[in-house]
Every structure is written in C-alpha cells, then in structure tokens.
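Here the structure is laid out as structure tokens; the discussion comes afterwards.
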Amino acid sequence: MTISISRRGLLAMSGVTAAMIASAKLQAAQKAAEATGLKEAYKEDFLIGAALNAGIVAKQDPKLIALITKEFNSITAENCQKWEEVRNEDDSWKWQDSDAFVNFGVQHKMHIVGHTLGWHSQIPESVFKNKDGSYISKEALAKKQQEHITTLVDRYKGKIAAWDVINEAVGDDNKMRTSHWYNIMGDDFLVNAFNLAHETDPKAHLMYNDYNNEQQGKRDATIGMLKRLQKRGVPVHGLGMQAHVGIASDMKNFEDSILAYSALGLRIHLTELDIDVLPSVWNLPVAEISTRFEYKPERDPYIQGLPKEIDEQLAKAYENLFKILIKHRDKVDRVTFWGVSDDASWLNNFPIRGRTNYPLLFDRNQSPKSAYFRLLDLKR
Ligand code: GLA
C-alpha cells in the first residue's frame, strides 16, 4: 500500500507552518535589502541623502563611513559652508572643512549639495553694518554678496551638483522675513543670488530652501515670492522643504505642497528631514533657529530610551511621509536626512538644550531603528 502525503502535509507533520515559511521569507528579504541599504532600495525613486558635519568627515570612523556610503548617495554640508564657518573674522576664507566635505563626496561618487549661499543666520552682523552700527548701502552689500557667491560656487564648480542658494527668506508671519539681507536689498537679495550662482556654474541645480513651507500659509507666501522671481527670469530650479517635522505632523501637507510647487516647474527636494519625538513646546514644529526654551524634566521624557510605542509611532510617521514621496517620485529628486544618527542630531539641543531626542533612522549606536526597516519594507 502506498501512502501519499502532500508537501504541505509533510511540513505540517514536521511542525513547520505556512506562517513560519512566510516569516522566514520575509526575514531573508529584509536581510537582503538591509545588506544593500536605502539608496539601493530607493534608486528608482529619488536620491537618499544625509547632512554631514565636519567631525564626521574629519574623523573617518570606519564603521560610520561604511554606514554612510552604504545608505546614502547624496550629502549636504551641515555647517561648514555657512558664512560664519567658511570665512574668518577679517573676511578671508577658511576652506579646510568645506574642502574636506567636498572631497569626501567626490571620493565616494556622491551627489553633493552645497549649503547655503544666502541666509540670515550664522553670519556675522559685521557683514551688514558699518563700524558706527549703521547699515551698509545696498551697493556695498551686493558687492560682498557677489564676491561670496562667485568664490564659493566657482571653487566647487563641477563637484557640487546642487546649491541651497537662499535659505529661509519667508518669515514665521508668512511675509518676507525682515532680515538684514532683505531690509537692505529687498527681492534683489534673492534675484542676485540665483543669477550669480547660475552665471558661475550654469550646470548647478539651484534651490530655494525653507522650513514649515509644506504648511499652507507659508506655502502660499513662498509661491507668491517664487512667482515674482520667475517673472524676473530668475533661474530657480528646485524647491527645498527642510521637513523638520514632529511625530504628530500631518504629512498630507507634503502631498499638497509637492503638487503646488511642482506646478511652478520646480523639482522637489526634502532637504533636512528629521522627526522630533519629544513634547512640543510651541504650536509650530519648528520656528526661528535662535529660539530656546527652558529645560524641564517633563520636556525630556525618554532619557532612558525610546519606549516601544513611540518607536512605532516614529516608524509610522516616516512610513506615512514616504508613501507620499514614493507616489510622487516623478516630481521628487531627493530626500535628505539632517544627520545620520540620533546622537549627533541638532534636535538634542533645539529648541531646548540638553534633551535626548530620537529623530533619525539610526540610533545612538548607529544601529537601524524600526523606522529604517519600515522604509525598506515599503520598497519590497
Ligand atoms: C536650518 C538650516 C540648517 C540647520 C538647521 C538646524 O534648517 O537650514 O542649516 O542649521 O536649521 O540644524
């Protein structure tokens, strides 16, 4: 007598269930994806970037460099190209960190983003003022701007692929920010900056970059400003949404904004993505960078580690955002995280100093978090 037992029957007899097989397959796929990293998983969608600080580039920690080169194909200069970092007090240039950053990108064949050619912050007051405290003339500031932008862009021509030309020109009141730049030069501050960058490196992709500009009020104001620039023939190619958001942010804003900005003919970039998990001390996720609030223990609840349910909420927030980005991948060129791992995030010190935050995909040991796996899962 022959007894025929199906494969399924055999497996059942050995205690292996279909669910176990499915789970093993899933784990194998996860391992394979993790082995190649995010940049590979998203290669048909958009570039995956990270902001690098000068310390990371200088230290060359092999483990961290391996992580960066596996996960990211684009890098942004976190600080080293800001006016107060790249110039000495006497206005002479201080190239060491910026050169090292660009060389790192060239060495690893990465898409390099320069940041930033015009910003109201991290720039000395002396740029805008005479010795007696009065403002310098529009002509004098335009001359300084020209020297600054042409020197920087020319130095890295052919290496830096894209520039955040102007950062944060719209204020929290959704009007043009009354920065020294704007007070002295008006819209010409932006017009000149884009024209100078374009004349110096016609191949560079030129972006306008801001925070909270995925939200309707600032989006409308930004679109008004961009239309004025476009009317004057200004070469703006891309729109950067910094995307410093909170764990409870409504990600739908990004979808509306991707559509609205790309209708102006601009390519879309998420330029500084991180998701703050700590209790918010204001009603906007991010406002003026110089703002600080008082430290209180209840504002810093996860010193001992991130609770499982918050880790899951963070993963879900990243998932919601990336679903939108993937859906509009024909319009989105790049998604850059503001840093690599939680330990080095600026959000440990903003808007309150000395907290323990968890905004990125890699934890304090540079191990991937649930959010990282969730983003890989989306691409399977
Ligand atoms: C802004 C700037 C960045 C950086 C972040 C905070 O978004 O564009 O250069 O300073 O704030 O680190």
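Under the working numbering, the first residue of the sequence shown carries the number 5, and numbering increases by one thereafter. Using N, Cα and C, we set each Cβ at its ideal position, and we do this for glycine too. Computed from a predicted model, the values in this text were never measured in an experiment.
Hey, is residue i close to the ligand GLA, as in C-beta under 7 Å from one of its heavy atoms?
i           : result
residue 185 : no
residue 4   : Coverage of the chain is limited to positions 5 through 384, which leaves residue 4 absent and any answer about it impossible.
residue 219 : no
residue 342 : yes
residue 171 : yes
residue 350 : yes
residue 276 : yes
residue 215 : yes
residue 124 : no
residue 273 : no
residue 85  : no
residue 248 : yes
residue 241 : no
residue 209 : no
residue 202 : no
residue 115 : no
residue 119 : yes
Label residue i either buried or exposed according to how many other C-beta atoms from any shown protein chain fall within 10 Å of its C-beta, with 16 as the threshold for buried.
i           : result
residue 151 : exposed
residue 244 : buried
residue 86  : buried
residue 93  : exposed
residue 171 : buried
residue 276 : buried
residue 263 : exposed
residue 368 : exposed
residue 308 : exposed
residue 344 : buried
residue 47  : exposed
residue 24  : exposed
residue 300 : exposed
residue 76  : buried
residue 107 : exposed
residue 40  : exposed
residue 199 : buried
residue 363 : buried
residue 155 : exposed
Who does residue i pair with in a DSSP beta bridge?
i           : result
residue 211 : 168, 242
residue 91  : 97
residue 366 : 345, 372
residue 296 : Paired residues: none, contrary to the question.
residue 272 : 243, 336
residue 116 : 79, 164
residue 278 : 248
residue 122 : 170
Rounded to whole angstroms, what's the CA-CA distance from residue i to residue j? Just pull it up for me.
i           : j           : result
residue 44  : residue 384 : 12 Å
residue 279 : residue 114 : 24 Å
residue 226 : residue 22  : 53 Å
residue 165 : residue 202 : 12 Å
residue 162 : residue 349 : 30 Å
residue 183 : residue 27  : 56 Å
residue 335 : residue 101 : 33 Å
residue 126 : residue 118 : 15 Å
residue 169 : residue 210 : 6 Å
residue 187 : residue 354 : 27 Å
residue 132 : residue 159 : 24 Å
residue 241 : residue 302 : 44 Å
residue 234 : residue 173 : 16 Å
residue 190 : residue 370 : 44 Å
residue 366 : residue 375 : 9 Å
residue 403 : residue 50  : This structure gives no information on residue 403, because the portion of the chain shown stretches from 5 to 384.
residue 320 : residue 96  : 47 Å
residue 197 : residue 239 : 10 Å
residue 305 : residue 217 : 29 Å
residue 64  : residue 74  : 15 Å
residue 146 : residue 315 : 48 Å
residue 124 : residue 248 : 18 Å
residue 142 : residue 57  : 33 Å
residue 329 : residue 339 : 9 Å
residue 140 : residue 261 : 37 Å
residue 212 : residue 105 : 22 Å
residue 179 : residue 98  : 34 Å
residue 109 : residue 116 : 6 Å
residue 270 : residue 337 : 10 Å
Taking CB distances under 8 Å as the criterion, tell me whether residue i reaches chain C.
i           : result
residue 182 : The structure shown contains no chain C; it is built from a single protein chain.
- [ ] Please go through the stretch 152-202 and give each complete alpha helix (DSSP H) segment of 4 or more residues, from N-terminal end onward.
- [x] 184-189
Open item on the list: Just to confirm the assignment: which complete alpha helix (DSSP H) runs, minimum length 4, are found wholly within the stretch 40-77?
Closed with: 42-45, 58-63, 66-75
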